[in-house]
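The letter at position 615 of the sequence shown is residue 618 when you use my numbering, and the numbering goes up by one with no holes.
Here a beta-carbon is modelled for each residue, glycine too, at the ideal position from N, C-alpha and C.
It should be emphasised that the depicted structure is a prediction, and the values quoted were computed from it without experimental measurement.
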Amino acid sequence: MSRFLTFIVNRHLDIIRYIFILLVVLTIAFFFPKAGKFKYEFELGKPWRYENLIAPFSFGIQKTAEEIDAERANIVRSFAPYYRLDSTVSEARKSIFINRFNSQYLKDKQSGSLLRVDSARYINTGISILTDLYNRGIVNLDERHRKEGLSKQIILMKKDNLGEKTTINELYSLKEAFNHMRIEVEDNPKINSEYLMPILEEAIAYNVFFDNATTDKYLNELLENVSLNRGMVQSGEMIIQKGSIITPEKYQVLVSFRQEEALRTIGDRKSQIIFLGNFLLTLIILLIFTFFVKSFSPEVYVSNNRLVFVYVIITIMIAVISFVVQSGQLQLLYAVPFCIVAIVLRTFFGTTLALHAHIALVLLTSFLVPFGIEFAFLQMVAGMIAIFTTIKAYYWSQFFISNAIILVTYLLGFFSISIIQGGSLEAINVNTLGFLSLNVLLTLLAYPLIPVFEKIFGFVSDITLMEYSDINKPLLKELSLKAPGTFHHSLSVANLAEAAAYEIGANSLLVKVGSLYHDVGKMENPTFFGENQHSGVNPHDDLSNEDSARIIVNHVKRGIEIAKKHKVPDILIDFIRTHHGTTRVEYFYQSSLKNHPDKKVDESMFRYPGPRPYSKETAVVMMADSCEAASRSLKNPTNEDIENLVESLIASKIDQNQFVNCDITFREINIIKRVLKKMLNSMYHVRIAYPEQAPVTPKRKQIT
Numbered sequence: 004m005s006r007f008l009t010f011i012v013n014r015h016l017d018i019i020r021y022i023f024i025l026l027v028v029l030t031i032a033f034f035f036p037k038a039g040k041f042k043y044e045f046e047l048g049k050p051w052r053y054e055n056l057i058a059p060f061s062f063g064i065q066k067t068a069e070e071i072d073a074e075r076a077n078i079v080r081s082f083a084p085y086y087r088l089d090s091t092v093s094e095a096r097k098s099i100f101i102n103r104f105n106s107q108y109l110k111d112k113q114s115g116s117l118l119r120v121d122s123a124r125y126i127n128t129g130i131s132i133l134t135d136l137y138n139r140g141i142v143n144l145d146e147r148h149r150k151e152g153l154s155k156q157i158i159l160m161k162k163d164n165l166g167e168k169t170t171i172n173e174l175y176s177l178k179e180a181f182n183h184m185r186i187e188v189e190d191n192p193k194i195n196s197e198y199l200m201p202i203l204e205e206a207i208a209y210n211v212f213f214d215n216a217t218t219d220k221y222l223n224e225l226l227e228n229v230s231l232n233r234g235m236v237q238s239g240e241m242i243i244q245k246g247s248i249i250t251p252e253k254y255q256v257l258v259s260f261r262q263e264e265a266l267r268t269i270g271d272r273k274s275q276i277i278f279l280g281n282f283l284l285t286l287i288i289l290l291i292f293t294f295f296v297k298s299f300s301p302e303v304y305v306s307n308n309r310l311v312f313v314y315v316i317i318t319i320m321i322a323v324i325s326f327v328v329q330s331g332q333l334q335l336l337y338a339v340p341f342c343i344v345a346i347v348l349r350t351f352f353g354t355t356l357a358l359h360a361h362i363a364l365v366l367l368t369s370f371l372v373p374f375g376i377e378f379a380f381l382q383m384v385a386g387m388i389a390i391f392t393t394i395k396a397y398y399w400s401q402f403f404i405s406n407a408i409i410l411v412t413y414l415l416g417f418f419s420i421s422i423i424q425g426g427s428l429e430a431i432n433v434n435t436l437g438f439l440s441l442n443v444l445l446t447l448l449a450y451p452l453i454p455v456f457e458k459i460f461g462f463v464s465d466i467t468l469m470e471y472s473d474i475n476k477p478l479l480k481e482l483s484l485k486a487p488g489t490f491h492h493s494l495s496v497a498n499l500a501e502a503a504a505y506e507i508g509a510n511s512l513l514v515k516v517g518s519l520y521h522d523v524g525k526m527e528n529p530t531f532f533g534e535n536q537h538s539g540v541n542p543h544d545d546l547s548n549e550d551s552a553r554i555i556v557n558h559v560k561r562g563i564e565i566a567k568k569h570k571v572p573d574i575l576i577d578f579i580r581t582h583h584g585t586t587r588v589e590y591f592y593q594s595s596l597k598n599h600p601d602k603k604v605d606e607s608m609f610r611y612p613g614p615r616p617y618s619k620e621t622a623v624v625m626m627a628d629s630c631e632a633a634s635r636s637l638k639n640p641t642n643e644d645i646e647n648l649v650e651s652l653i654a655s656k657i658d659q660n661q662f663v664n665c666d667i668t669f670r671e672i673n674i675i676k677r678v679l680k681k682m683l684n685s686m687y688h689v690r691i692a693y694p695e696q697a698p699v700t701p702k703r704k705q706i707t
């Protein structure tokens, strides 16, 4: 038990990482189809590449979404809405008419202004007109139906709930009711229209109203009952023959067959087995990728935020692909900016990791999409081109050139696949070419996303490094003004280190920019450093060896503080921390030993705090820095002088174990020494001494 607990404690970080990876595997497996993958791949307009397909079971031929939508739209368009006849309105409005007439008649009779009026005749006439109007109906037309036109069929619901179909034209509008009433009154010679009309007008009102609830109820019933199938394929019936072109009709039959086969696996034990298969498939691919990262990109494996970023961006792309597949709009797959993952990972973690992450992503998505082989081929070659064309992409113009090459790759790849499958140029789907072009446009989003990821995860891209290499940056400008000798020294170290890093395959741009900032701490006391002493006065003459060493060593600490104040990325600050490692300030240490032979010298006062270089890049800068600085003390150096200097300085660093924390090899160290010797010889214009030769006597010109 104790051994198990010890194992857990010692390997807890690895265990946490693998738990995280397991969660990623479960998440990705969730995005895979719950049903089994259809074993046939097909596209509209392409030939059927497999043997004759016979239906193993009966299934319905599903209508397309467009067909269902069109059928439902036709139902809505032809559906007769329900209107309700309110029988209470007629009696109520007749009572209003009678009361209003009697009141007016009594009032006129009392005032003596009443003409000769037969009240009973007037009342009967008015009641007769109102009865006729309300029996036919005065409709309050709904705004939607008013816009659709008056020929719309409607159903009137009588008070006994029986529906009767009629047209709007057979009902009165309010205006038509007034006109009918006026004609009836004016055509009656025994009625004074001027007396009766105002009273009748007050009794006119709607008695037919739109019944929204009943209309929605019956309309929804019709829409829900729309058949989703347009025919049947019987078991044993031929679905499609080998080599036949997949027409729209055959395509829909194949889609229906695929969906029916998928439905037969959902909800039973088979779907659970399929999920297990998806889980194991994803686990195999991601474990292989994880072992690769651990072996060849350990700096990513041991960094939690880097590892999380790599797996999260892969998972997001899988989720996008899954969403598009589930939507049924398979052509949209060609518009998904697949290369974004490759470009972003190459920018932050290099070509090798990006390529293997891209391969893992392509393998996973090939099991998601229906036409996996063609899709995998296109994305594989496009991703490889995206990675290789952005290796030296330090400027925005290079990104556009890269995208243009990606577009050409996509188009040529799709063109080739289409010709192989279809056997003619007519087989090329122009719409797909448009989606591929959209894909490349969306891929441009990778570049504005890069600075966003830098801020969130603390990464540094080559574009950012190029920005920090500008000598007009405020910090470098300040260094050039306060410590011009140190600034020139930094430029020389940058040239030496960049050339050496390039030869051993390290990140030469990172080395160059790190060299520019490695000595910014010397700005605080520039005259205490030899490269800035031009007046012949050495301030160390007035200080003890310990105080001088403290000032020299302190430039590392002050450099870190100054760089952080100017928000220099940590990856560049690491060059400030490590460029002296844990070496001693040898001059003042030896002076202290010489001046105090009987006194025990505290070596820690003369030693840099470290840490030692942890990467090839920081190791290269340490070697270039010490060699460039020491070479300044040589007067009229020869080739032998420079060789001895470089050999002794780097040997001293090895003896002091300064490179034990980085993965640099002796072979690479020898290459670095060769580059440093060559470049220092060029900087000091060292010439090879040629052996003296006897002067050659020129031949006398023959006179002819």
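Identity of the residues DSSP links to residue i by a beta bridge
i	result
Met-241	Ile-57
Assigned exposure category for residue i - 16 Cβ within 10 Å defines buried
i	result
Asp-545	exposed
Tyr-85	buried
His-582	buried
Met-184	buried
Val-315	exposed
His-492	buried
Ile-132	buried
Leu-153	Note that Leu-153 scores 48 on pLDDT, short of 50, meaning its location in the model is unreliable; the coordinates nonetheless yield the value given after this. Its Cβ having fewer than 16 others within 10 Å, Leu-153 is exposed.
Val-296	buried
Ala-715	An answer regarding residue 715 cannot be provided, because it is not within the stretch 4 to 707 covered by the chain.
Pro-36	buried
Ser-636	exposed
Thr-91	exposed
Leu-513	buried
Glu-197	exposed
Sub-8 angstroms separation of residue i and residue j beta-carbons
i	j	result
Asn-143	Phe-100	no
Met-625	Lys-676	no
Ala-497	Ser-518	yes
Val-588	Ile-555	yes
Ala-379	Ala-503	no
Phe-34	Ala-360	no
Ser-472	Val-516	yes
Tyr-108	Arg-139	no
Phe-341	Gln-275	no
Leu-225	Ile-78	yes
Ile-408	Thr-392	yes
Asn-210	Leu-88	yes
Gly-524	Gly-584	no
Asn-642	Asn-684	yes
Residue-level contact to chain C via CB, residue i, 8 angstroms cutoff
i	result
Ile-563	In summary, chain C is missing from the structure at hand, where a single protein chain is found.
Coarse secondary structure for residue i, derived from DSSP in three states
i	result
Thr-707	Note that Thr-707 scores a pLDDT of 25, beneath 50, so its modelled location is shaky; the value from the coordinates is reported in the next line. Correct three-state label for Thr-707: coil.
Pro-192	coil
Lys-480	helix
Phe-62	strand
Val-211	strand
Asn-528	coil
Tyr-611	coil
Pro-454	helix
Gly-280	helix
Val-313	helix
Leu-88	strand
Leu-220	According to the sequence shown, residue 220 is Lys rather than Leu. In this structure, Lys-220 counts as helix in the three-state DSSP scheme.
Tyr-50	Note on identity: in this sequence residue 50 is Pro, with Tyr being the wrong assignment. Residue state, collapsed to three classes: strand.
Whole-angstrom C-beta distance between residue j and residue i, which should lie under 8 angstroms
i	j	result
Ile-31	Leu-367	7 angstroms
Val-649	Lys-681	That belief does not hold up - the Cβ atoms of Val-649 and Lys-681 are roughly 10 angstroms apart, past 8 angstroms.
Val-347	Ala-449	6 angstroms
Val-236	Phe-62	6 angstroms
Gly-386	Val-365	7 angstroms
Phe-352	Ser-300	6 angstroms
Glu-506	Val-678	5 angstroms
Gln-65	Leu-231	6 angstroms
Val-27	Thr-318	6 angstroms
Ile-242	Leu-56	4 angstroms
Check: residue i C-beta below 7 angstroms from any heavy atom of the ligand GDP
i	result
Tyr-125	With respect to the ligand GDP, the structure offers nothing, as it holds no ligand at all.
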